[in-house]
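Asks:
Residue numbers (my numbering), protein chains in the order written: chain A, 43 to 345; chain B, 43 to 345; chain C, 43 to 345.
Encoded structure:
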């Protein structure tokens, strides 16, 4: 099948940002070693490590779903719960999101959740993707993405829901919504987030071409706000956070809501239709066949 | 009448991009010599020359309505038919649009179709303009504009409906929506296309001022995606086409439609009202008088 | 109260653009000396000086509400009346707006109108702010802002309703919507004006952070169209005006209306709700307390 073989071929390009990296693979998530870790100073769940700095009102939230932080149903759920906790804890005013896995911020949606499962599972999974987007995009907290690795597809969307983005200056750390390369289509709310960030024309081309931007180009097009040496990503995020926290919370939150509400409302008005749309698309034989061949290929490479 | 004389004066500036060029004139379209030409390797109509490369899945479509490819009713009709043919022929995935006339991509709408005719004729003409815009803006094909000449008004709109634009680096090849210089107003869907390409603020100023951008400025404002030496326009378009055709068609088409549907729907919802609006505007005595004096001037210069 | 003290602290930063300037203060408006001035060649009201050039069809309108042109109810009213007069006088096709007060274009809304008054007064004041914005944003005249001083908050909005903006190249002349620094929120139509000028992403960050842009950054982000030496602001505005007046009025006005109508309609559809919203926000104890402490501080500094 022509589409399938083209997808297989493109999948290699799609994966380049992280498959070229030593020892990394792509597939089902594995349980993280450790979990919460060193007692009082850290909390969080198995796949989300939270390092609070209560005095500063800031928490650093690290994704730990090796090897590539793919957004499994478990990771999505734990992210939502961790954010909810911080949102409800008056101690915290800002969160820095970063990766605990080397060289990858997040590889995006977990294809194993979208392949060979039941329609009910696809619906549950997509609802969780929506839930994370809604919670992050409308968060009252200041969210800053400290992007210390490759950041395609769903990883990019997580970064774009933040208020500010800092990308490590490593030519392998690409960022962008590259869904078309896999033969699939970003949902309209990914598209809306893209347009809100880089404008209509750049989105139209980048979404169609599935462009993955290296750091300098990402900065130029406006996908990220700063590019800094890799070892300064976190410290730069902390400096940026201080600037954001200098603003009275209430006025900032009302302003953020004013900017984002219309976009979020578009999804809220049609969540169920969007889920149905995703399920019927992903259930197509041609799409399932493509994804299966693609995953098979990855497993062989891994094995 | 003050407006009329101002329009006459400005008309010269409006025409500058191509009237300054040796031997060119502006007016009624003339039948192209030849028509289809060299048998099996080319097809098309009298005013639209199509050079197919079936192996690559790409066709080059050349406008041949000398002297300045003004968009007469005949040319509009033939363009729509040629595009429809290519769209329905599974052999083709992409089309490169360019001019067969020296130094002009297209001078835009044909003023002789908008002057001294019946309201019914104006309505028929405007419907054809809408039809071409809709067909191009929503085309499933990859459309790339190889802009090898001046590109004002309707010529600019044809370019803007494409997915990618390459402009020859010639200081005389200006591009832009310069309707106000003639005392007329771009329709809202021209405006929407402009805003989608260069944003609200740049559109607001450029549309009011009727700005015609030379190549470097066109690139900077985002009206075109590349500026290359004149003899490399077509080869650059072919290279760009290869990048676009590397993307699975189905995913790319769904993505393009997602980006453009809302804008196209705005026109589709009010096509008839838009036609009535055009007809009543163009039928005004003041507008007709201005256009007549303007055309008379052109005929004298020609004769 | 934490918010109040933070607001007090930030207020100093907010005021920096003009409090750092020699001898200037911020507070209640004082009646301008002179009023209309030198007879036949100037007209206007007490706080708005109009210098007409009937031959050119251009008037220069100077704000004269010392020390900082804060937008008191009187100034708002006089601005609306002056604009209405020029709009109805066929002699005039363009207006240049500038400041008669040294080093400040306008400090924005007058906080004394928003503090310690009755709900009815707040409603009347807010209606006047809406009225000025509507009249300027939809003006048929060409409006050019010759920004010869600091231009925060409401001052920035006046500039943004113009068709073209020239800012004096003085590092102390900042421009931007910095409402959040005071713990208050820009209304949605200020936000819409911002987004139309600098796009969604830049607006989202600048509005949340209350960013005041120095000239070079204001030019880069697109808040102003030109930055020129301070003594060339007015002459540059006159040159720009000549370019705008070269366009037939009728076509330019229809085009401007096409670009701006949707944004203006959003406010027109909900003027009363917007007033209620403002009144209930500004009447909150916490907001009143913050504003009172802030004004008290300013009076002490002044005294």
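For every residue, glycine included, the Cβ atom is placed at its ideal position computed from N, Cα and C.
A quick note: this is a predicted structure, and the numbers were derived from the prediction, not measured.
Quick check: is the beta carbon of residue 249(A) nearer than 7 angstroms to any beta carbon in chain B?
Replies: It does: the Cβ of residue 249(A) has a partner Cβ on chain B nearer than 7 angstroms.
Asks: Run through chain B and tell me which residues come within less than 8 angstroms of residue 122(A), C-beta to C-beta.
Replies: Neighbours of residue 122(A) on chain B: none; closest Cβ ~26 angstroms, over 8 angstroms.
Asks: Taking residue 287(A) as the reference, give the member of 225(C), 305(C), 296(C), 140(C) with the closest Cα.
Replies: The option with the nearest alpha carbon to residue 287(A) is 225(C).
Asks: According to DSSP, is residue 95(A) helix, strand or coil?
Replies: Three-state DSSP puts residue 95(A) in a strand.
Asks: When you compare the CB positions of residue 294(A) and residue 250(C), do they come within less than 7 angstroms of one another, or not?
Replies: Result yes, Cβ atoms of residue 294(A) and residue 250(C) sit closer than 7 angstroms.
Asks: Tell me whether residue 235(B) is buried or exposed, calling it buried when 16 or more other Cβ atoms sit within 10 Å of its Cβ.
Replies: Residue 235(B) comes out buried.
Asks: Contact between the segment 303 to 320 of chain C and the segment 227 to 242 of chain C is defined here as three or more beta-carbon pairs at a separation below 8 angstroms; is this criterion met?
Replies: With the cut-off at 8 angstroms, the segment 303 to 320 of chain C and the segment 227 to 242 of chain C touch.
Asks: Quick check on residue 331(B) - is its C-beta less than 7 angstroms from some C-beta in chain C?
Replies: No, its Cβ sits nowhere closer than 7 angstroms to a Cβ of chain C.
Asks: For the segment 292 to 308 of chain B, which residues have a beta carbon sitting closer than 8 angstroms to at least one beta carbon of chain A?
Replies: Within the segment 292 to 308 of chain B, the qualifying residues are 292, 293, 294, 296, 297, 298, 300, 301, 302.
Asks: In chain D, what lies closer than 9 angstroms to residue 205(B) by C-beta?
Replies: Among the chains of the structure shown, chain D does not appear; the protein chains present are A, B and C.
Asks: Helix, strand or coil for residue 268(A)? Go by DSSP, reduced to three states.
Replies: DSSP places residue 268(A) in strand when its eight states are reduced to three.
Asks: Per DSSP, residue 160(B) forms a beta bridge with which residues?
Replies: Paired residues: none, contrary to the question.
Asks: For residue 221(A), which residues of its own chain have a beta-carbon under 7 angstroms away from its beta-carbon, when the five flanking residues on both sides are left out?
Replies: If we look at residue 221(A) and ignore the five residues flanking it on each side, its Cβ neighbours are 195, 227, 228, 252.
Asks: In terms of DSSP beta bridges, what is residue 207(A) paired with?
Replies: According to DSSP, residue 207(A) bridges with 187(A).
Asks: Could you tell me whether the segment 158 to 172 of chain B touches the segment 112 to 132 of chain B, where touching means 3 or more Cβ pairs closer than 8 angstroms?
Replies: Short answer: they touch.
Asks: Under the three-state reduction of DSSP, which class applies to residue 104(C): helix, strand or coil?
Replies: Correct three-state label for residue 104(C): strand.
Asks: Any idea what DSSP makes of residue 194(A), helix, strand or coil?
Replies: DSSP places residue 194(A) in strand when its eight states are reduced to three.
Asks: Residue 225(A) CB to nearest chain B CB: under 7 angstroms?
Replies: Yes - at least one Cβ of chain B is within 7 angstroms of the one on residue 225(A).
Asks: Which residues mark the beginning and the end of the beta strand (DSSP E) in which residue 140(A) is found?
Replies: Where residue 140(A) is concerned, the enclosing beta strand (DSSP E) stretches over 136 to 141.
Asks: Residue 242(A) versus chain B: which residues are under 7 angstroms apart at the beta carbon?
Replies: Chain B residues near residue 242(A): 238.
Asks: Excluding the 5 residues flanking residue 184(B) on each side, which residues of the same chain have their C-beta closer than 7 angstroms to its C-beta?
Replies: Closer than 7 angstroms at the Cβ level, and outside the excluded window around residue 184(B), lie 135, 136, 205, 283, 286, 287.
Asks: Return the residue from the list 182(A), 193(A), 317(A), 261(A) that minimises the CA-CA distance to residue 296(A).
Replies: It is 182(A) whose Cα lies nearest to the Cα of residue 296(A).
Asks: Helix or strand or just coil, what does DSSP make of residue 255(C)?
Replies: In this structure, residue 255(C) counts as strand in the three-state DSSP scheme.
Asks: For residue 325(A), collect the residues of the same chain with a Cβ closer than 8 angstroms to its Cβ; drop the 5 residues on either side in sequence, then sort them by chain order.
Replies: Cβ within range, chain order: 161, 164.
Asks: So residue 143(C) packs on residue 106(C), CB below 8 angstroms; how close in whole Å?
Replies: Their Cβ separation, rounded to whole angstroms, is 7 angstroms, which keeps residue 143(C) and residue 106(C) in contact under 8 angstroms.
Asks: Residue 230(C) versus chain A: which residues are under 9 angstroms apart at the beta carbon?
Replies: Within chain A, the residues near residue 230(C) are 300.
Asks: Nearest chain A C-beta to residue 218(B) closer than 7 angstroms, yes or no?
Replies: It does not: the Cβ of residue 218(B) has no partner Cβ on chain A nearer than 7 angstroms.
Asks: List, in order along the chain, the chain B residues whose C-beta lies closer than 8 angstroms to that of residue 286(C)?
Replies: Result: 250, 251.
Asks: With a threshold of 7 angstroms between beta-carbons, can residue 339(C) be considered close to chain A, or not?
Replies: Taking Cβ atoms only, chain A never reaches closer than 7 angstroms to residue 339(C), which makes this a no.
Asks: Determine, using beta carbons only, whether residue 256(A) comes closer than 7 angstroms to chain C.
Replies: So, not an interface residue.
Asks: Does the ligand FAD have even one heavy atom less than 6 angstroms from the beta-carbon of residue 115(A)?
Replies: Within the structure as shown, the ligand FAD is missing, as the structure has no ligands at all.
Asks: Determine whether the beta carbon atoms of residue 190(A) and residue 275(A) lie at a separation below 7 angstroms.
Replies: Yes.
Asks: At a Cβ threshold of 7 angstroms, is residue 264(C) touching chain B?
Replies: Residue 264(C) counts as touching chain B.
Asks: Is there at least one Cβ from chain B nearer than 7 angstroms to residue 222(A)'s Cβ?
Replies: Taking Cβ atoms only, chain B reaches closer than 7 angstroms to residue 222(A), which makes this a yes.
Asks: Please go through the same chain and pick out, in chain order, the residues whose beta-carbon is closer than 6 angstroms to the beta-carbon of residue 139(A), but skip the five residues on each side of it.
Replies: So the list reads 103, 187, once near-sequence residues are dropped.
Asks: Should residue 132(B) go down as buried or exposed, given a rule of 16 or more other Cβ atoms within 10 Å for buried?
Replies: Answer is exposed; the Cβ neighbour count stays below 16.
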